[in-house]
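Numbering (the working numbering), first residue to last: 222 to 1142.
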RNA sequence: GCGGGUGUGGCGUAAUUGGUAGCCGCGUUAGACUUAGGAUCUAAUGCCUCACGGCGUGGGGGUUCGAGUCCCUUCACCCGCACCA
């Protein structure tokens, strides 16, 4: 009987579905294990062969954990709100809900064909009102809380108001926007609107006018992580800076906890480093500089207070509020001109051109609090308004940017570190002995840093300060296809919707474009008002809103009273293994951690880190093929001969190329323009050129998993994707190698059938060799699964099956444990064989085989025998033999004796278990 | 510029963590069975050499009886951040 993957796979997929094999309960005596994939955005193009890579890896882990007796939660869903569906809707008029539904169906059917062990009953999608009810709910909670830096947690707004009644905000240590200090009397004297505005400055979800990334082409604002090199991540359209009133989440309040939490989770070093960079903690101090002939005190931030004696000028960001306050009459015009010039440059221009030094003197002077010297104040676009205080003290000797500026405008440069040569470049290193530095002379840089901050605090001119680069997340998008904000406006004041009114459903509109006046599409919705006639917020939430807590919802997907019940959360707790791409390193993975910490503060969840272990799968790139057309003809020349002609490279569909040899007939049929193609062949073949590129339609290098499943089966696809190389590594897809894995499954299959082709296994006792093959394989595979090093476990299975084939082993006692160990990788074929072996229950209810150590340790060891350090031959000896035994044994060896003839042994070095070396003369 | 990572056959990769470098697979070559083979099976396959033998883990140096693995140095490529004071 032949291995018929089609029959086997469709039969067992249906069986698993009918028997709810992978349905998990929230109640179990078994220990829990939660394996999660980053849920996909269901795009119109369907899955390509790269998408399942991570899903296969996590599925193997899930199935393995089940065999080890865990209750495994392994769900799947869809990140279904988002820009592409809406862009498509604008172009075609098709409602995003319709196209999204179609895409989801396609994804689901593609995923099911690969045989994943998902609990489909927990499937969710972010655009479902039953789901986004809880996204809206979380937003309202953030709106209703503030962050107390003293207790290091979020607290209800009510506690803040009570404190204001009692003491004003003087003792409040909170994460907040700029707000003046006020005593209780002032608070009680405020109007309701004034109070609201003060409170808003403390909320974790708040509205504010800020500089935002505005993408005119998409008609929406974007978060920092959605902008790459001044272009939108989706679509690649230009992004400009623009002040706008937006909803924001005070993610920055959690900066320290987001940083600290990284030490407690098992993520790759590079990913943690990316998050640390994004959070961007820097420790230093804030310091006030008095302005000559002015009341203004200028606040700067520096991490190098130790270099204060070397300050030779100050620089303000052109947008800084100080600029207008200090600029002298004489320089007003020039300063205005400079501001106008820099304002004209786009973000992209400013970023791509970081080497042109420009600036303008303001006419004002600051007083160095340490030396009393007058130092000129300049403005320049190399100082950013959004970081620190938008003002710096410039120390050209020890900062390369300040140095370039000083050189350009002929400002003095005072070296402060002994031996530092600053004649051609600055000395930025933070080491050496201080000089020219008054109090700090003779100290090393680290000592001076600390001494300087203490001195600043002693003089009362500033204080120690930690700055973070992490900004609050802009949370509104002027788009249709997203979660509506559960707020409305009454007399211009924000009113949160009552929680009992959730979800606030997305209304129908007739066009998905912004209005003529530039209002978001939602303002087209007719009669979309509260019963009292107030208007709802018309922007919607961004993509990361729905994906920030989806892992919690899987724990309790149908709960209509809570995001997740206490019991469900207490049972599942957190994600034990999370698999997904690096592209979410500073977006989703920061927001989710923030969300979890916030919900932890509220007591909704029991853990403050959502993802215990995270593995980033690499990308599967496409392997493109080319043909070479002789310019101006319909002749195509094979790769090896193309240099003899003037040719043009053309992408050719990889599906009509095999092992880089073009199928000539298929090529002629491929497109009408090639019907009459003629070929210049080499060795009778047309060899195509190749390149590794992103998998994309336009390069004709997309390989669809469905066609692989059709031809070779899901088990082959799964094994092959794992066999390709380490899962964390990016690698090109090469359909060529798949045959090897397919052969392996056929070999496995044939072990179970006798010469007549009938299923037959023997109940004989296994031999030592067979037991060795089995136990070594199981041991290796188990170790590999735990390390997610699946490529080597597939190899181990191949070795094992080769050995068993050679041994002609068809013994039940060997084959049964092998197929159990293999079942996470190739679930269908193993399930089929398992049932053929007479089992009623699914192989998923079996137990992962135990290893008998007796058969895995070699009792002989291969020793290299070296003479004068040079290996001459090797010899097998007992592994645990003592030094003397080995020596005696080796000296009897004939080959050694012939090599030693006429020489004397000066010394022998014998390390049991390792090596044998004779030093001879 | 800063940070992280990777360099091993024609290709994807492996190496008991310092102990016979190249497992497994692809590709290639030869053979067997076949009307046929893009099925299956057998054998060979790092490079140079008829051979003996020599050389080989990006290059150079070092530690060691012994280095793909450890140290120094250099080169190349990939990823992330990028005027963050």
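Note that the Cβ used here is the ideal one computed from N, Cα and C, for glycine as well.
Owing to the predicted nature of the structure, the values given are computational and were not obtained by experimental measurement.
Report the rounded CA-to-CA distance for residue 1115 versus residue 990, giving the unit in angstroms.
Here residue 1115 refers to the residue found at position 894 of the first chain. Here residue 990 refers to the residue found at position 769 of the first chain. Taking the straight line joining both Cα atoms gives about 29 angstroms.
Helix, strand or coil, according to DSSP, for residue 865 in the structure here?
Along the first chain, one-based indexing puts residue 865 at 644. If DSSP states are grouped into helix, strand and coil, residue 865 belongs with the helices.
What is the DSSP secondary structure of residue 397, reduced to helix, strand or coil?
On the first chain, position 176 is the one that residue 397 refers to. It is coil, neither helix nor strand.
Euclidean distance between Cα positions of residue 1189 and residue 247
Any question about residue 1189 goes unanswered here, given that the chain covers just 222 to 1142.
Continuous alpha helix (DSSP H) assignments of at least 4 residues falling wholly in the stretch 633 to 710:
666 to 680
Contact set for residue 832: own chain, Cβ-Cβ below 6 angstroms, skip 5 residues either direction:
Here the question's residue 832 lines up with position 611 in the first chain. Taken in chain order, the residues that qualify are 796, 799.
May I have the straight-line CA-CA distance separating residue 986 from residue 1033, to the nearest angstrom?
Here the question's residue 986 lines up with position 765 in the first chain. Here the question's residue 1033 lines up with position 812 in the first chain. Each residue's Cα considered, the two are about 9 angstroms apart.
Starting from residue 222, trace the beta strand (DSSP E) both ways and give me its first and last residue.
Taking the first residue of the first chain as position 1, residue 222 is located at position 1. Here residue 222 belongs to no beta strand (DSSP E), and DSSP marks it neither H nor E.
If you draw a straight line from the C-alpha of residue 930 to the C-alpha of residue 992, how long is it?
On the first chain, residue 930 is found 709 positions in, with the first residue counted as 1. On the first chain, residue 992 is found 771 positions in, with the first residue counted as 1. Their Cα atoms are separated by approximately 34 angstroms.
Would you call residue 527 buried or exposed, if buried means 16 or more other Cβ atoms sit within 10 Å of its Cβ?
Here the question's residue 527 lines up with position 306 in the first chain. When all chains shown are included, residue 527 counts as buried.
With a CB to CB cut of under 8 angstroms and the five nearest residues on each side skipped, what residues in its chain are close to residue 408?
Along the first chain, one-based indexing puts residue 408 at 187. Closer than 8 angstroms at the Cβ level, and outside the excluded window around residue 408, lie 385, 386, 389, 390, 416, 419.
How many angstroms separate the CA atom of residue 771 from the CA atom of residue 1096?
Here residue 771 refers to the residue found at position 550 when the first chain is read from its first residue. Here residue 1096 refers to the residue found at position 875 when the first chain is read from its first residue. Using only the alpha carbons, I get a separation of about 59 angstroms.
Are the CB atoms of residue 262 and residue 303 within a distance shorter than 8 angstroms?
Stepping through the first chain from its first residue, residue 303 is reached at position 82. Stepping through the first chain from its first residue, residue 262 is reached at position 41. In this structure, residue 262 lies closer than 8 angstroms to residue 303 by Cβ.
Limits of the unbroken alpha helix (DSSP H) element including residue 313:
In the first chain, residue 313 corresponds to position 92, counting from 1. Per DSSP, residue 313 belongs to the alpha helix (DSSP H) from 304 to 313.
Count the other C-beta atoms from every protein chain shown that fall within 10 angstroms of the C-beta of residue 414, then say buried if there are 16 or more, exposed otherwise.
For this step, residue 414 is matched to residue 193 along the first chain. Classification for residue 414: exposed.
Sort 820, 698, 739, 805 by Cα distance to residue 762 and report the nearest one.
Position 541 of the first chain, counted from the start, is the residue given in the question as residue 762. When only C-alpha atoms are compared, the closest one is 698.
Straight-line CA distance for residue 757 to residue 730?
In the first chain, the residue the question calls residue 757 occupies position 536. In the first chain, the residue the question calls residue 730 occupies position 509. Between residue 757 and residue 730, the C-alpha separation is close to 14 angstroms.
Taking the CB atoms as reference points, tell me whether residue 632 and residue 534 lie closer together than 8 angstroms.
The residue given as residue 632 occupies position 411 in the first chain. The residue given as residue 534 occupies position 313 in the first chain. Going by C-beta atoms, residue 632 is nearer than 8 angstroms to residue 534.
Residue 274 and residue 942 - do their beta-carbons sit closer together than 8 angstroms?
Counting from one through the first chain, the residue named residue 942 turns up at place 721. Counting from one through the first chain, the residue named residue 274 turns up at place 53. Yes.
Are residue 1144 and residue 1088 touching if we call contact CB-CB under 8 angstroms?
Past the boundaries of the shown model lies residue 1144; the chain is included only from 222 to 1142, so the question cannot be answered.
Could you have a look at residue 411 and say whether DSSP puts it in helix, strand or coil?
Numbered from its first residue, the first chain carries residue 411 at position 190. The answer is coil: DSSP assigns residue 411 none of H, G, I, E or B.
Flag this pair as yes or no: are the beta carbons of residue 884 and residue 875 separated by less than 8 angstroms?
Here residue 884 corresponds to residue number 663 of the first chain, with the count starting at 1. Here residue 875 corresponds to residue number 654 of the first chain, with the count starting at 1. For residue 884 and residue 875, no; Cβs fall outside 8 angstroms.
Relative to the alpha-carbon of residue 653, which residue among 668, 563, 339 has its alpha-carbon at the smallest distance?
Here the question's residue 653 lines up with position 432 in the first chain. Comparing Cα positions, the closest option is 668.
Considering only their Cβ atoms, is the gap separating residue 742 from residue 701 smaller than 8 angstroms?
Numbered from its first residue, the first chain carries residue 701 at position 480. Numbered from its first residue, the first chain carries residue 742 at position 521. Yes, the pair counts as a contact, with Cβ atoms nearer than the cut-off.
Using 10 angstroms around the beta-carbon of residue 962, count the other beta-carbons present and answer buried if the total reaches 16, otherwise exposed.
Start at 1 with the first residue of the first chain, and residue 962 comes out as number 741. Flag for residue 962 reads buried.
Suppose the cutoff is 7 angstroms on Cβ atoms and the five residues either side in sequence are ignored; what does the same chain contact list for residue 1053 look like?
If you number the first chain from 1, residue 1053 lands on position 832. 229, 233.
How far does the beta strand (DSSP E) with residue 798 in it reach, from first residue to last?
The count along the first chain starts at 1 and reaches residue 798 at position 577. Here the beta strand (DSSP E) through residue 798 covers 798 to 801.
Could you tell me whether the Cβ atoms of residue 427 and residue 478 are closer together than 8 angstroms?
Residue 427 sits at position 206 when you count from the first residue of the first chain. Residue 478 sits at position 257 when you count from the first residue of the first chain. Taking 8 angstroms as the Cβ cut-off, residue 427 and residue 478 do not qualify as a contacting pair.
I want to know whether the stretch 856 to 871 touches the stretch 900 to 920 - three or more CB-CB distances under 8 angstroms.
yes
Classify residue 401 as buried or exposed, calling it buried when 16 or more other Cβ atoms lie within 10 Å of its own Cβ.
To locate residue 401, count along the first chain from 1; it is residue 180. Residue 401 should be labelled exposed.
For the beta strand (DSSP E) that residue 844 lies in, which residues bound it at each end?
Numbered from its first residue, the first chain carries residue 844 at position 623. Its beta strand (DSSP E) spans residues 841 to 851.
Grouping DSSP H, G and I as helix and E and B as strand, with all else coil, what is residue 429?
Mapped onto the first chain, residue 429 falls at position 208. Correct three-state label for residue 429: strand.
Quick one, which of 715, 1086, 613, 807 has its alpha-carbon nearest residue 495's?
Along the first chain, read from residue 1 onward, the residue named residue 495 stands at position 274. Ranking 715, 1086, 613, 807 by Cα distance to residue 495 puts 807 first.
Through-space distance from residue 610 to residue 585, alpha-carbon basis
Counting from 1 along the first chain, the entry for residue 585 is found at position 364. Counting from 1 along the first chain, the entry for residue 610 is found at position 389. Cα to Cα, the separation comes out at about 18 angstroms.
Residue 1012 versus residue 673: straight-line alpha-carbon distance, rounded
Start at 1 with the first residue of the first chain, and residue 1012 comes out as number 791. Start at 1 with the first residue of the first chain, and residue 673 comes out as number 452. Distance between the alpha carbons of residue 1012 and residue 673: 55 angstroms.
Taking the straight line between their C-alpha atoms, what separation do you get for residue 933 and residue 447?
Mapped onto the first chain, residue 933 falls at position 712. Mapped onto the first chain, residue 447 falls at position 226. Cα-Cα distance, rounded: 39 angstroms.
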